[in-house]
Amino acid sequence: MNQINTIPTLEFKTQNKFENWLKKNHENSIGIWLRIFKKDTGLKSISYSEALDVALCYGWIDSQKQKFDEQSWLQKFSPRTAKSIWSKVNTGHVERLINEGKMKSPGLIAVEKAKADGRWDKAYDSPTKMIIPNDFLLELSKNKNAEDFFKKLNKTNLFSIGFRIHTAKKTETRDKRIKEIIEKLAKGENI
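Written out as C-alpha cells, the structure is:
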C-alpha cells in the first residue's frame, strides 16, 4: 500500500486551525500528510514554516515531502519517537519558540528527552553548514581513487556523507560507515 494512503491527508487554512487539530490529536495520531498550497495560487493555506512551528510545539516533526498537484504539495508530519534525530535548524526553532512562550507540554517533553539522552547535543547541521569530519578526511587521504572521486561530488552527496557519519550513535558504527563510504567512493559510486 502506498504510504501516502496509510495516513490521512489534511489541509488547514491557518496556523491556528492546525494547532487546534494537534491539540486534540497529537497523542493519538500516527501522523498526517499536510497539503500546503503554493503562494502563487492565491489559495489560503498554512505555510510550511507556520506548520513546522506548530508541530515542534506539540512534539511532532516534519519529514518527507511529496508533490500533490500543480497547486500544492504534501508535507508529512508525525510524532517524534525516542530515536528521532534533531537538526540544528529545529533546535534553533525550538529555542525561539520557548523564548516566545509558545511551546506546549508535549513539545517540551520531547526536548527534555532529547537533552537527557544526548540527541539534542548531537543535532546535525543543515546542508549549507555540514562539515565533513577530519577523521573521515584522514582516512580518505589514504585512498587516492576515493579522494579523487570525492573532490567531484556535489553538495547533496557531501551532505549525505557528513550526515551519515555525524548521525552514527556508536564509534563502531561511525568507523564502519566511514569505511563503507570510502569503498563506494573508490568505486566511483555516489552516496
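Going by UniProt numbering, the first residue of the sequence shown is number 1, and it counts up by one from there.
Even for Gly, the Cβ is constructed at its ideal location relative to N, Cα and C.
Quick caveat, the model's predicted, so the values are computed rather than measured.
Going by DSSP, what residues sit across from Leu158 in a beta bridge?
Leu158 is not bridged to any residue.
So what does DSSP say about Met1, is it helix, strand or coil?
For Met1, the predicted model reports a pLDDT of 36, less than 50, meaning its position is unreliable; a value from the coordinates is still stated below. Coil.
Which same chain residues end up closer than 7 Å to Ile30 when comparing Cβ atoms and leaving out the 5 residues on each side of it in sequence?
Ile7 and Ser78
Taking contact to mean 3 or more Cβ pairs, one atom from each stretch, closer than 8 Å, check whether the region 78-91 and the region 110-124 are in contact.
yes
Per DSSP, cross-strand counterpart(s) of Ile32
Phe77
Just curious, the alpha helix (DSSP H) that Lys65 is in, first and last residue?
Segment Trp60 to Lys67 is the beta strand (DSSP E) holding Lys65; no alpha helix (DSSP H) there.
Determine the DSSP secondary structure at Leu52, reduced to helix, strand or coil.
helix
For Arg164, collect the residues of the same chain with a Cβ closer than 6 Å to its Cβ; drop the 5 residues on either side in sequence, then sort them by chain order.
Excluding sequence neighbours, Arg164 sits near Arg177.
Using only CA atoms, which one of Val111, Ser105 and Arg80 lies nearest to Val94?
Val111
Residues near Met130 in its chain [Cβ-Cβ closer than 8 Å; skip 5 each side]
Tyr124, Leu158, Phe159, Gly162, Phe163 and His166
Quick check on Leu138: does DSSP put it in helix, strand or coil?
helix
When Lys104, Tyr48, Asn99 and Lys76 are compared against Tyr58, the one with the closest alpha-carbon:
Lys104
Taking the C-alpha atoms as reference points, what is the distance between Phe37 and Glu50?
When rounded, the distance between both Cα atoms is 13 Å.
From Trp21, Lys187 and Val54, pick the residue whose C-alpha is nearest to that of Gly101; which is it?
Val54
Say the cut is 8 Å; is the CB of Gln64 nearer than that to a heavy atom of the ligand GTP?
In terms of ligand content, the structure shown is empty, and the ligand GTP therefore cannot be addressed.
Beta-carbon contacts of Leu10 that lie in its chain and below 8 Å, excluding the five residues immediately before and after:
Trp21, Ile32, Trp33, Leu34 and Arg35
From Asn154, Ile109, Lys88 and Asp135, residue whose alpha carbon lies closest to that of Lys179:
Asp135
Mapping DSSP to helix, strand and coil, what is Thr128?
coil
Give the secondary structure of Leu10 by DSSP, where H, G and I count as helix, E and B as strand, and everything else as coil.
Taken through DSSP and simplified to helix, strand or coil, Leu10 comes out as strand.
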